[in-house]
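Undergrad:
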Amino acid sequence: MSPEPNDLSEAMSREADAASARPVDLEAVLQGSRARRRTRRRAVVGATASIAGLLVVGGLVFAVGATGPFQGASSSDGLAAADSPAAESESSAESESSAGEGDDSASAPQVGPEFGDDLLVAAPETLNTCGAAIAPASDAAASPLAATVEPPAASVPSGSEATVAVVVANAGPSIVEGVLSAPAITVSDGGATVWHPRLGSADAGAAPIEVRLGPGESVTLTGAFTAASCADGGEDSLGTVELDPLAPGPYGLSAAISFTPADGAPQELVVSPAASARIG
Amino acid sequence: MARSWDDVATQLVVERGDALTRYAYLLTGDADDAADLVQDALVRTFGSPRFQLTLPRAEAYVRRAVLNAVIDRSRRDGTWRRVRHLAVAPAPVDVPQDRSDVRIDLMRRIRSLAPRQAACIVLRYYDDLTVDQVARTLGLSSGAVKRYLSDGLRALSSSIEASDGATVGADPNRTEDDHVS
Numbered sequence: 396m397s398p399e400p401n402d403l404s405e406a407m408s409r410e411a412d413a414a415s416a417r418p419v420d421l422e423a424v425l426q427g428s429r430a431r432r433r434t435r436r437r438a439v440v441g442a443t444a445s446i447a448g449l450l451v452v453g454g455l456v457f458a459v460g461a462t463g464p465f466q467g468a469s470s471s472d473g474l475a476a477a478d479s480p481a482a483e484s485e486s487s488a489e490s491e492s493s494a495g496e497g498d499d500s501a502s503a504p505q506v507g508p509e510f511g512d513d514l515l516v517a518a519p520e521t522l523n524t525c526g527a528a529i530a531p532a533s534d535a536a537a538s539p540l541a542a543t544v545e546p547p548a549a550s551v552p553s554g555s556e557a558t559v560a561v562v563v564a565n566a567g568p569s570i571v572e573g574v575l576s577a578p579a580i581t582v583s584d585g586g587a588t589v590w591h592p593r594l595g596s597a598d599a600g601a602a603p604i605e606v607r608l609g610p611g612e613s614v615t616l617t618g619a620f621t622a623a624s625c626a627d628g629g630e631d632s633l634g635t636v637e638l639d640p641l642a643p644g645p646y647g648l649s650a651a652i653s654f655t656p657a658d659g660a661p662q663e664l665v666v667s668p669a670a671s672a673r674i675g
Numbered sequence: 045m046a047r048s049w050d051d052v053a054t055q056l057v058v059e060r061g062d063a064l065t066r067y068a069y070l071l072t073g074d075a076d077d078a079a080d081l082v083q084d085a086l087v088r089t090f091g092s093p094r095f096q097l098t099l100p101r102a103e104a105y106v107r108r109a110v111l112n113a114v115i116d117r118s119r120r121d122g123t124w125r126r127v128r129h130l131a132v133a134p135a136p137v138d139v140p141q142d143r144s145d146v147r148i149d150l151m152r153r154i155r156s157l158a159p160r161q162a163a164c165i166v167l168r169y170y171d172d173l174t175v176d177q178v179a180r181t182l183g184l185s186s187g188a189v190k191r192y193l194s195d196g197l198r199a200l201s202s203s204i205e206a207s208d209g210a211t212v213g214a215d216p217n218r219t220e221d222d223h224v225s
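Note that the protein sequences, when read in sequence, are chains A and B. Quick note: the first sequence uses this note's numbering, first residue 396, plus one each step. Quick note: the second sequence uses this note's numbering, first residue 45, plus one each step.
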């Protein structure tokens with residue numbers, strides 16, 4: 396005999412009424428979440444500073460390697476100098492200096508009335524969640540960057556992995572300079588997310604892309620997706636179980652890319668509108 | 045203009061804090077545990093970067109975080125539950141004597157369901173949400189919610205019938221893995 400909905404409702408209402416639940420401590424929630432946000436911000440800024448430091452060190456190493464051959468027969472001295480402990484200590488001193496600068500900026504106070512702006516510091520992969528409505532496209536008035544997805548011309552087989560081109564264009568009147576992440580592609584059905592990348596998987600192995608886009612200029616990136624559904628299993632199913640292949644039909648493909656402006660302005664997410672693609 | 049997270053958190057706690065605590069209590073059966081779970085879930089929700097955090101989205105995040113914590117706990121307890129029958133003889137289930145006992149018995153059975161089934165039943169029959177609203181709240185598809193509700197009600201029914209027949213046929217200690225895997 397299946398319990399009646401009324402019985403269930405009454406049982407739960409009485410149970411909840413009978414409990415003397417402790418009220419939520421609002422102050423503890425606010426303090427705890429502020430501390431967590433600060434920690435995460437420091438991690439984001441620290442990681443960005445580390446990447447910048449690596450780029451600088453990489454550039455120096457590349458420059459040293461490139462200038463070596465021009466030193467002709469005596470280049471071995473140059474190479475020996477570059478390989479010497481002294482050179483290493485210079486490089487490491489430089490990288491430590493970069494990291495130190497990063498740490499300084501990272502530990503700068505992050506609290507204040509404007510702290511709510513860090514709403515936009517989100518990993519592109521976690522923008523959409525399985526089963527939930529996809530995020531709307533970026534507001535053209537809020538950012539000069541606009542993203543569009545160019546869906547595959549051919550139908551993508553159900554259950555397979557595929558790539559898609561994502562064009563990020565500067566629709567504003569001035570030059571835009573900064574670093575773009577790899578695009579996180581979301582597959583949607585009727586406006587609801589049916590697949591999105593796991594956190595950290597969208598840009599796995601991909602270096603951030605430095606861009607300097609004049610008005611009207613664009614850059615084309617490549618994003619990957621799987622024609623499978625996480626809608627039934629929810630977020631827990633991503634990466635833990637084999638997902639069901641999507642049923643054949645038209646689906647939406649949208650992209651989210653984080654953009655870190657070179658001028659130190661807050662990071663932002665560039666979200667494309669969903670483009671129709673055929674699966675199956 | 046985006047509202048400050050603190051504003052959204054404050055409004056959520058003031059307007060929906062009690063409802064969230066009741067939801068957690070119905071899933072856990074312990075008032076202190078429920079309060080701790082909601083507190084943690086709120087900190088997790090407002091301590092992580094989220095895009096366009098509105099009040100309804102924040103509430104859905106908190107409910108999902110509470111459910112995930114219950115699922116984690118259920119998984120931790122799962123190992124013992126899977127081997128317990130090897131060490132302990134099953135105890136007979138007492139037949140409830142009055143309506144109060146019936147209610148307590150029903151709640152015990154609801155809490156012994158897989159967490160997602162229990163959460164769907166709480167949101168559907170206590171919070172009176174539609175299937176689509178439950179799906180949005182828990183980040184599931186409507187089809188999945190219907191399946192969890194159907195499986196949950198069937199499990200409750202089996203459990204009640206088993207105890208009515210003075211047998212212990214139903215397994216009151218299913219974990220999330222029982223139907224996820």
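We put the CB at the ideal spot given by N, CA and C, even for glycine.
(1) Out of curiosity, what's the CA-to-CA distance linking ARG431 of chain A and GLY91 of chain B?
(2) Taking VAL666 of chain A as the reference, give the member of A:ALA564, A:ALA530 and A:GLY567 with the closest Cα.
(3) Can you tell me whether DSSP reads ASP215 of chain B as helix, strand or coil?
(4) Are the beta-carbon atoms belonging to TYR105 of chain B and MET407 of chain A less than 8 Å from one another?
(5) Mind listing the chain B neighbours of VAL424 of chain A? Cutoff is C-beta to C-beta under 8 Å, in chain order.
(6) Can you check which of these residues, A:ILE570, A:ALA650 and A:SER583, is closest to ALA622 of chain A by C-alpha distance?
(7) Hey, could you find the ends of the beta strand (DSSP E) GLU572 of chain A is sitting in?
(8) With DSSP as the reference, identify every bridge partner of TYR646 of chain A, one or two as the case may be.
(9) Considering only DSSP beta bridges, list what ARG607 of chain A is partnered with.
(10) Compare the Cα-Cα distances from ALA670 of chain A to each of A:PRO661, A:ALA660 and A:TYR646 and report the closest residue.
(11) When the Cα atoms are used, what is the spatial distance from SER686 of chain A to THR54 of chain B?
(12) With 8 Å as the threshold, decide whether the Cβ of GLY511 of chain A is near any Cβ in chain B.
(13) Looking at chain A, is there any beta carbon in it that lies within less than 8 Å of the beta carbon of LEU184 of chain B?
(14) If you follow the alpha helix (DSSP H) that ASP176 of chain B is in, where does it begin and where does it stop?
(15) Please classify THR434 of chain A as buried or exposed, where buried requires at least 16 neighbouring CB atoms within 10 angstroms.
(16) Report the residue from B:LEU70, B:VAL110 and B:ASP76 whose alpha carbon sits nearest the alpha carbon of ALA85 of chain B.
(17) Is the stretch 551–564 of chain A close to the stretch 519–535 of chain A, with three or more CB pairs under 8 Å?
(18) Here's the rule I'm using: 16 or more other beta-carbon atoms within 10 Å means buried, otherwise exposed. How should ALA413 of chain A be labelled?
(19) If you pair each beta-carbon of the stretch 603–621 of chain A with each one of the stretch 563–583 of chain A, do three or more pairs fall below 8 Å?
(20) Can you tell me the Cβ-Cβ gap for ALA416 of chain A and ALA79 of chain B, rounded? I've got them flagged as a contact below 8 Å.
(21) Quick one, are the C-beta atoms of LEU403 of chain A and LEU522 of chain A less than 8 Å apart?
(22) What whole-angstrom Cβ distance do ALA179 of chain B and VAL189 of chain B have, given they're in contact under 8 Å?
(23) If the cut is a Cβ gap below 7 Å, which residues of chain B does PRO661 of chain A touch?
(24) Could you tell me the boundaries of the beta strand (DSSP E) in which GLU545 of chain A lies?
(25) Would you say TYR192 of chain B faces chain A, with C-beta separation under 8 Å as the test?
(26) Would you kindly report the start and end of the unbroken alpha helix (DSSP H) that includes ASN523 of chain A?
(27) I'd like the list of long-range same chain contacts for ARG153 of chain B, defined as Cβ closer than 6 Å, with 5 residues on each side in sequence excluded.
(28) For my contact list, ALA541 of chain A and VAL561 of chain A are in at a C-beta cut-off of 8 Å; report their separation, rounded to the angstrom.
(29) Apart from the five residues just before and just after ASP639 of chain A, which ones in its own chain have a Cβ nearer than 6 Å to its Cβ?
(30) Does DSSP put GLY73 of chain B in a helix, a strand or coil?
TA: Let's see:
(1) About 5 Å.
(2) For the residues A:ALA564, A:ALA530 and A:GLY567, the minimum Cα distance to VAL666 of chain A belongs to A:ALA530.
(3) Low per-residue confidence applies at ASP215 of chain B: pLDDT is 47, beneath 50, and the placement is therefore not dependable, though the value from the model is reported in the following sentence. In this structure, ASP215 of chain B counts as coil in the three-state DSSP scheme.
(4) no
(5) Neighbours of VAL424 of chain A across chain B, judged by C-beta separation under 8 Å: ALA53, VAL57, GLN83, LEU86, VAL87 and PHE90.
(6) A:SER583
(7) 571–575
(8) A:ALA672
(9) A:GLU572
(10) Nearest to ALA670 of chain A by C-alpha distance, out of A:PRO661, A:ALA660 and A:TYR646, is A:TYR646.
(11) With chain A covering only 396 through 675, there is no way to say anything about residue 686 of chain A.
(12) Note that GLY511 of chain A scores 42 on pLDDT, short of 50, meaning its location in the model is unreliable and no value can be drawn from it.
(13) yes
(14) 175–182
(15) Answer is exposed; the Cβ neighbour count stays below 16.
(16) B:VAL110
(17) no
(18) exposed
(19) Touching, per the Cβ criterion.
(20) Yes, ALA416 of chain A and ALA79 of chain B are in contact; Cβ-Cβ is about 6 Å, under 8 Å.
(21) no
(22) 5 Å
(23) Simply none; closest approach about 11 Å.
(24) 540–545
(25) no
(26) Run containing ASN523 of chain A: none; DSSP gives neither H nor E here.
(27) LEU200 and SER203
(28) At roughly 11 Å, the Cβ-Cβ gap does not stay under 8 Å, so ALA541 of chain A and VAL561 of chain A are not in contact.
(29) Same-chain partners within the cutoff: SER624.
(30) coil
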